[in-house]
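Asker: Throughout the sequence shown, residue numbering follows full-length UniProt numbering, covering 1 to 169 in sequence.
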Amino acid sequence: MEDERPMEMIRVHEERLYDREAILGRDTASVFPSQSQQAAQASAESAKAALGASKFVSEKQLEELRAQRGDRVEDGAIAPDKPLVQVLAEAKEAKEEKFQAVWQSMKQGKNRPLDDDELEFVNEMIDRERQNDSRQAKEELQELEAYRQAVQAANLSRVEGIRVSCMFQ
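1) Does residue 141 pass the burial test, meaning 16 or more other C-beta atoms within 10 Å, or should it be called exposed?
2) From residue 121 to residue 96, what does the alpha carbon distance come to, in whole angstroms?
3) Over the uninterrupted beta strand (DSSP E) stretch that includes residue 12, give me the two end residues.
4) Quick check on DSSP: helix, strand or coil for residue 117?
5) At which residues does the alpha helix (DSSP H) containing residue 4 begin and terminate?
6) Which two residues bound the contiguous alpha helix (DSSP H) that contains residue 107?
7) Please classify residue 151: is it buried, with 16 or more other beta-carbons within 10 angstroms of its beta-carbon, or exposed?
8) Can you find the residues in the same chain that come closer than 7 Å, C-beta to C-beta, to residue 58, ignoring five residues on each side of it along the sequence?
9) Using only alpha-carbon positions, find the residue among 65, 94, 12 and 106 that is nearest to residue 21.
10) Quickly, what does DSSP pair residue 17 with across the bridge? List them, please.
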């Protein structure tokens with residue numbers, strides 16, 4: 001044992017695994033496929049093909065993904081997908097802006113609410129129309145009553161004419 005040679009030390013490096021969603025964010029391309037961009041979808045599909053169905057990736061694979069996608073948007077590489085919360089917030093803001101634009105056009109167009117002066121004018125017109133309708137109805141009733149009296153007078157004169165003629169016979 002006198003010939004003991006020192007044994008060479010070998011360093012075993014164990015790769016750590018990282019949660020892909022925790023580090024890179026949720027993949028919105030799978031949540032909203034119609035809204036994802038073509039390039040982001042292609043890179044996401046290539047990453048899935050390279051990684052398989054595993055949720056966890058090694059440090060090397062994570063570095064490769066970061067190199068493909070870019071660490072930051074400022075790098076000029078393909079921007080990482082936005083977190084789901086941000087996508088939903090942007091959709092909500094866009095919907096609210098669209099509603100406000102429609103509401104503003106309604107206020108300016110023919111469907112806008114009436115001002116006080118316009119409302120007063122419309123009410124006056126409605127009152128005039130009601131007065132005209134009631135006046136016309138009264139005139140029609142008076143004319144109808146006059147017609148009935150004329151018919152009754154004509155019938156009465158005919159009946160009296162028959163009586164008078166009956167007396168002479």
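Every residue, glycine too, gets a C-beta built ideally from N, C-alpha and C.
Answerer: The answer reads as follows:
1) Residue 141 sits at position 141 when you count from the first residue of the sequence shown. With fewer than 16 Cβ atoms within 10 Å of its Cβ, residue 141 is classed as exposed.
2) On the sequence shown, residue 121 is found 121 positions in, with the first residue counted as 1. On the sequence shown, residue 96 is found 96 positions in, with the first residue counted as 1. Annotation: residue 121 to residue 96 spans about 34 Å, alpha carbon to alpha carbon.
3) Residue 12 sits at position 12 when you count from the first residue of the sequence shown. No beta strand (DSSP E) holds residue 12; DSSP gives it neither H nor E.
4) Walking along the sequence shown from the start, residue 117 turns up at place 117. In this structure, residue 117 counts as helix in the three-state DSSP scheme.
5) On the sequence shown, residue 4 is found 4 positions in, with the first residue counted as 1. Segment: none, residue 4 is in no alpha helix (DSSP H) and carries neither H nor E.
6) What you label residue 107 is simply residue 107 of the sequence shown in a count that begins at 1. Residue 107 -> alpha helix (DSSP H) spans 84–108.
7) The residue labelled residue 151 in the question sits at position 151 within the sequence shown. Taking all protein chains in view, the Cβ of residue 151 is surrounded by fewer than 16 other Cβ atoms within 10 Å, so the residue is classified as exposed.
8) Along the sequence shown, one-based indexing puts residue 58 at 58. Only residues of its own chain outside the window of five on either side were considered, and among them 15 and 17 have a CB closer than 7 Å to the CB of residue 58, listed in chain order.
9) Numbered from its first residue, the sequence shown carries residue 21 at position 21. Among 65, 94, 12 and 106, the Cα nearest to that of residue 21 is on 65.
10) Here the question's residue 17 lines up with position 17 in the sequence shown. In the DSSP output, where bridge partners are listed per residue, residue 17 has 58.
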